[in-house]
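Q: Taken in sequence, the protein lines are chains A and B.
Following the numbering used here, the numbering of the first sequence begins with 11 at its first residue and continues without gaps.
Following the numbering used here, the numbering of the second sequence begins with 155 at its first residue and continues without gaps.
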Amino acid sequence: MAGDFRTCPTTGLKVHLPAQTLIKVNAVTAIVFLLVGGILALLLLLTRWQAVHLLPPDFFYRFLTLHGIAMLVAWIVYFEVALLYFTSAVLLNARLATPRIGWLAYILMTVGASITTVAVLAGGSDVMFTSYVPLKASPFYYLGIVLFAVGTIIACILFFATLSLAKYEKTYEGSVPLVTYGAAVAAILAIGTLAHGAIFYIPTGLWAAGVIPMMDPEAYRLLFWGFGHTSQQINVAAMIACWYALAALTVGAVPLSEKFSRSAFVLYALFIAVASEHHLLWDPGISSAHKMWNTGYVIHLAVLASMMHAFSVPGCIEVALRKKGYTKGLFEWLKKGPWGDPAFASLVFSVAGFGFLGGITGIMYGTEQLNILGHNSLRVPGHFHATVVVGTSMAFMGITYYVLPLIFQRQVMFPTVAKLQPYFYGVGMWILSIAMMFVGSFGVPRRHWDITLADAPFKYSFGPTVDLGMAITAIGGILAVIGGAMFCVIAVATVLAGKKVNQ
Amino acid sequence: MSLQSPQKYWWDEPLDKDEKMWLTVAIIWALFLTLFMPYMHYTGKQNPSQEYAKISGDKFDAAVDKFIAQYKVGEEAGFAVVAPPPNSDIFIRGKQFTWDPILKLKKGVQYKLHLSSLDMNHGLSVQPVNFTIQVVPGWDNILNITPTTTGVFTIICNEYCGLGHHTMVGRMYVD
Ligand code: HEM
Ligand SMILES: [Cu+2]
Ligand SMILES: [Cu+2]
Numbered sequence: 011m012a013g014d015f016r017t018c019p020t021t022g023l024k025v026h027l028p029a030q031t032l033i034k035v036n037a038v039t040a041i042v043f044l045l046v047g048g049i050l051a052l053l054l055l056l057t058r059w060q061a062v063h064l065l066p067p068d069f070f071y072r073f074l075t076l077h078g079i080a081m082l083v084a085w086i087v088y089f090e091v092a093l094l095y096f097t098s099a100v101l102l103n104a105r106l107a108t109p110r111i112g113w114l115a116y117i118l119m120t121v122g123a124s125i126t127t128v129a130v131l132a133g134g135s136d137v138m139f140t141s142y143v144p145l146k147a148s149p150f151y152y153l154g155i156v157l158f159a160v161g162t163i164i165a166c167i168l169f170f171a172t173l174s175l176a177k178y179e180k181t182y183e184g185s186v187p188l189v190t191y192g193a194a195v196a197a198i199l200a201i202g203t204l205a206h207g208a209i210f211y212i213p214t215g216l217w218a219a220g221v222i223p224m225m226d227p228e229a230y231r232l233l234f235w236g237f238g239h240t241s242q243q244i245n246v247a248a249m250i251a252c253w254y255a256l257a258a259l260t261v262g263a264v265p266l267s268e269k270f271s272r273s274a275f276v277l278y279a280l281f282i283a284v285a286s287e288h289h290l291l292w293d294p295g296i297s298s299a300h301k302m303w304n305t306g307y308v309i310h311l312a313v314l315a316s317m318m319h320a321f322s323v324p325g326c327i328e329v330a331l332r333k334k335g336y337t338k339g340l341f342e343w344l345k346k347g348p349w350g351d352p353a354f355a356s357l358v359f360s361v362a363g364f365g366f367l368g369g370i371t372g373i374m375y376g377t378e379q380l381n382i383l384g385h386n387s388l389r390v391p392g393h394f395h396a397t398v399v400v401g402t403s404m405a406f407m408g409i410t411y412y413v414l415p416l417i418f419q420r421q422v423m424f425p426t427v428a429k430l431q432p433y434f435y436g437v438g439m440w441i442l443s444i445a446m447m448f449v450g451s452f453g454v455p456r457r458h459w460d461i462t463l464a465d466a467p468f469k470y471s472f473g474p475t476v477d478l479g480m481a482i483t484a485i486g487g488i489l490a491v492i493g494g495a496m497f498c499v500i501a502v503a504t505v506l507a508g509k510k511v512n513q
Numbered sequence: 155m156s157l158q159s160p161q162k163y164w165w166d167e168p169l170d171k172d173e174k175m176w177l178t179v180a181i182i183w184a185l186f187l188t189l190f191m192p193y194m195h196y197t198g199k200q201n202p203s204q205e206y207a208k209i210s211g212d213k214f215d216a217a218v219d220k221f222i223a224q225y226k227v228g229e230e231a232g233f234a235v236v237a238p239p240p241n242s243d244i245f246i247r248g249k250q251f252t253w254d255p256i257l258k259l260k261k262g263v264q265y266k267l268h269l270s271s272l273d274m275n276h277g278l279s280v281q282p283v284n285f286t287i288q289v290v291p292g293w294d295n296i297l298n299i300t301p302t303t304t305g306v307f308t309i310i311c312n313e314y315c316g317l318g319h320h321t322m323v324g325r326m327y328v329d
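1. What's the gap between the Cα of Trp113/A and the Cα of Thr305/A?
2. Quick one: any contact between the segment 180-195 of chain A and the segment 123-132 of chain A, if contact means 3 or more CB pairs under 8 angstroms?
3. For Tyr254/A, which three-state DSSP category applies?
4. If you reduce the DSSP assignment to three classes, tell me which class Leu54/A lands in.
5. Which two residues bound the contiguous alpha helix (DSSP H) that contains Asp212/B?
6. Quick check: is the beta carbon of Ile181/B nearer than 8 angstroms to any beta carbon in chain A?
7. For Lys269/A and chain D, any beta-carbon pair shorter than 8 angstroms?
8. Rounded to the nearest angstrom, how far is the Cβ of Met274/B from that of Pro144/A, given a contact under 8 angstroms?
9. Rounding to the nearest angstrom, what Cα-Cα distance links Val329/A and Met175/B in this structure?
10. What residues come near ligand 3, if near means a beta carbon less than 6 angstroms from any of its heavy atoms?
11. Report yes if the CB atom of Ser271/A is closer than 8 angstroms to the CB atom of His319/A, and no otherwise.
12. Could you tell me whether any Cβ in chain A is nearer than 8 angstroms to the Cβ of Tyr327/B?
13. Name the chain B residues whose beta carbon is nearer than 7 angstroms to that of Trp292/A?
14. What number of angstroms, rounded off, separates the C-alpha of His239/A from the C-alpha of Gly232/B?
15. Spell out a yes or no on whether the segment 255-265 of chain B and the segment 196-207 of chain B are touching, meaning 3 or more CB-CB pairs, one atom from each, closer than 8 angstroms.
16. What residues in its chain sit with their C-beta under 6 angstroms from that of Ala29/A, if we drop five residues either side in the sequence?
17. Got a sec: does ligand 2 put a non-hydrogen atom nearer than 7 angstroms to the Cβ of Gly324/B?
18. Whose C-beta lies closer than 6 angstroms to the C-beta of Val91/A among residues of the same chain, with five residues either side of it excluded?
19. Compute the Euclidean distance between the alpha carbons of Pro149/A and Thr504/A, then round it to the nearest angstrom.
20. Rounded to the nearest angstrom, what separates Lys429/A and His310/A at their Cα positions?
21. What would DSSP say about Gln264/B, mapped onto helix, strand or coil?
22. Please confirm whether Thr302/B has its beta-carbon closer than 8 angstroms to some beta-carbon of chain A.
23. Taking the alpha carbon of Ala285/A as the point to measure from, which residue in Ile222/A, Ala362/A, Gly372/A, Met249/A has its own alpha carbon closest?
24. Look at Pro474/A and Ser387/A and say whether their C-beta atoms are less than 8 angstroms apart.
25. Please name the residue in Val511/A, Val499/A, Gly215/A, Asp465/A whose C-alpha comes closest to that of Phe251/B.
26. Would you tell me roughly how many angstroms separate the C-alpha atoms of Asn201/B and Met191/B, rounded to the nearest one?
27. Tell me whether Tyr375/A sits in a helix, a strand or coil according to DSSP, three-state version.
28. Excluding sequence positions up to five away, which residues of its chain have a Cβ less than 7 angstroms from the Cβ of Glu367/B?
29. Closer than 7 angstroms by C-beta to Leu259/A: which residues in its own chain qualify, once you throw out the five before and the five after it? Chain order, please.
30. I'd like the list of long-range same chain contacts for Val227/B, defined as Cβ closer than 8 angstroms, with 5 residues on each side in sequence excluded.
31. CB Ser360/A to CB Ala396/A, shorter than 8 angstroms?
32. What are the boundary residues of the alpha helix (DSSP H) that Thr178/B is part of?
33. With distances taken from CA atoms, which of Ile500/A, Gly494/A, Ile167/A is nearest Leu44/A?
34. Alpha carbon to alpha carbon, how far is Leu414/A from Gly262/A?
35. May I ask you to report which of helix, strand or coil DSSP gives Ser471/A?
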């Protein structure tokens, strides 16, 4: 068995080689989907910018469906699976319990993602990633998603199996590291959420195949968001685990209080899983009292957890930088941070963007009073491009700059491009998010091919401010697409041709 | 470090003053947020009060036809224009890709608005006052509304409902 390990020259960690291969394969697949989703993003952007209005309507709706799936499902989840193997096997000096099961998970996920992608591209499945019934996709669309979810659940179980094996084989002492702890919370949420997803994806697929009758459309919406919202908390937990990892890797930060940070993770695991009705605030079928209970008490206990991390992540970075002697005034430490390190810049964009832009707007739009103004407007994609793109995606990109040398054992190529990459992506995405929320506040709908309403029986114009806002959205988006392309080029080039880090 | 196992007995390490302070503020803030929405719900008068019931597409369709026959006052762009009396039950029917009928309402008068769909989910987005209500097939989404501004209003569909989604636009008048 000893031959299955190498010792990392930088960290001294024992790296299980089969785990390393699985991490590589999942991370590379994630980046392939990021590339696909990014190309689609550019096309969508240039269509919603009505001065260009690139795609015809059917392709716009088709590519929008695929953009959601390629990004929010494939890119994010493949990367999370890589993180699960990294935080269990690598950080604990352990072997991955059963690499074969890891491959099984990967194959199921990849077959699933491919089936769904082909089903969407083939047409007839233009249902958006929410696929609200009675909108009907090809049965293969649902089949692919279910296979992908089963693969992901298997990967999560493998993660826990590896944790227990490491404990049994005593590869570490005491408690697991904080980053592994956060990943474990993500995995717990993932197992619960994905099993929940099966409750409606399977019957909906059977309905699409003509086997059973359709479920009630409102029941579908409730079940969908019970899955759809909770699954976003997987991303939040994984992202925050990355924050702690990045703070340690970039400036050597140490958690201020293990107890504080871990308690916050526990709050996520306990409370966020119940929240979903902020997506349904103006739906029929659920009483106002129930909506208030669901979006009030339960969500705000999870908000409390986010507030705790919002203190302890920047806090530990500050303490680490002050220890380096940057103690003048309130903010010298921030000014003197390693801004040329793309991982650090990504971390700061991610923390600030998730907190100030994504988190705050999420709380706002989750109230009945503001939701009636913002529901299904561009405010919503504005909000979640701040959370899941600036927040989660940038955290994952930041970590990639360390995964490349540590796991792929290759020096990051094009260091100057790498230095600039997070600024393009981060600034572009901040602009896109803010501009989308701005035009959304005028009532501009999301998922809409033509807000000039040219083919409609009645005329209405949103006015020149909105045209300007859409143009700014496009400019921000194009900057972000450039940043995303830089990231993909750096990652792919490094994997294929980067200089080997000496063993 | 967060990448290594913590020191033993990390659970016994007390929280710092800063952490305790922040935690207190955060808990108060979470409580405030939790109470504020219901508070505004009951006192804010911002949102119409909502009721709902299950209804089949056929039943809703028939109710809307009856409503139109009863109060129709004209036609515009092929849609019936309907002027219902105060305090009556009024209807908007969503289907791929139209909203009908065109309502002619009076400012300051209360109505019971029934919304449902004959096919997909639709989003009733009223511009330029800008509010959105979800329209779900099989469900009657009922709002007690009192128009507070006069003018011409446009109803956009903001829930994706099929390839003609962007053509689904209706009209409403308040005088
Ligand atoms: C270069 C970066 C990106 C750009 C320029 C971009 C742009 C867009 C645009 C223009 C839309 C359509 C909004 C609408 O019309 O409703 C959209 C939707 C969406 N994007 Fe992105 N995006 C980017 C990256 C991402 C990433 C990384 C994720 C996820 C991790 C993501 C997740 C989504 C989702 C879930 C939707 C909604 C799909 C739907 O409505 O069904 N995007 N994006
Ligand atoms: Cu519609
Ligand atoms: Cu629509």
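Using N, Cα and C, we set each Cβ at its ideal position, and we do this for glycine too.
Keep in mind it's a predicted model, so treat the numbers as computed, not measured.
A: Working from what's here:
1. 39 angstroms
2. With the cut-off at 8 angstroms, the segment 180-195 of chain A and the segment 123-132 of chain A do not touch.
3. In this structure, Tyr254/A counts as helix in the three-state DSSP scheme.
4. Collapsing the DSSP output to three states places Leu54/A in a helix.
5. 211-225
6. Chain A, which has a Cβ nearer than 8 angstroms to the Cβ of Ile181/B, makes this yes.
7. Any reference to chain D falls outside this structure, whose protein chains are A and B.
8. Right, their Cβ atoms sit about 6 angstroms apart.
9. 17 angstroms
10. The answer, residue by residue, is His276/B, Cys311/B, Glu313/B, Tyr314/B, Cys315/B, His319/B, Met322/B.
11. Contact: yes.
12. no
13. What Trp292/A touches in chain B, judged by beta-carbon distance under 7 angstroms, is Thr286, Ile287, Gln288, going in chain order.
14. Note on geometry: alpha-carbon atoms of His239/A and Gly232/B lie some 41 angstroms from one another.
15. No contact exists between the segment 255-265 of chain B and the segment 196-207 of chain B.
16. Tyr95, Ala99, Leu106
17. No.
18. Asn36, Ala165
19. 39 angstroms
20. 37 angstroms
21. coil
22. no
23. It is Gly372/A whose Cα lies nearest to the Cα of Ala285/A.
24. Not a contact, by the Cβ cut-off of 8 angstroms.
25. Per the Cα distances, Asp465/A.
26. Those two C-alpha atoms are separated by around 12 angstroms.
27. helix
28. No statement about residue 367/B is possible, as the shown extent of chain B runs from 155 to 329 and does not include it.
29. Ala353, Tyr412
30. Val235, Val236, Ala237, Lys258
31. no
32. 171-197
33. Gly494/A
34. 19 angstroms
35. coil
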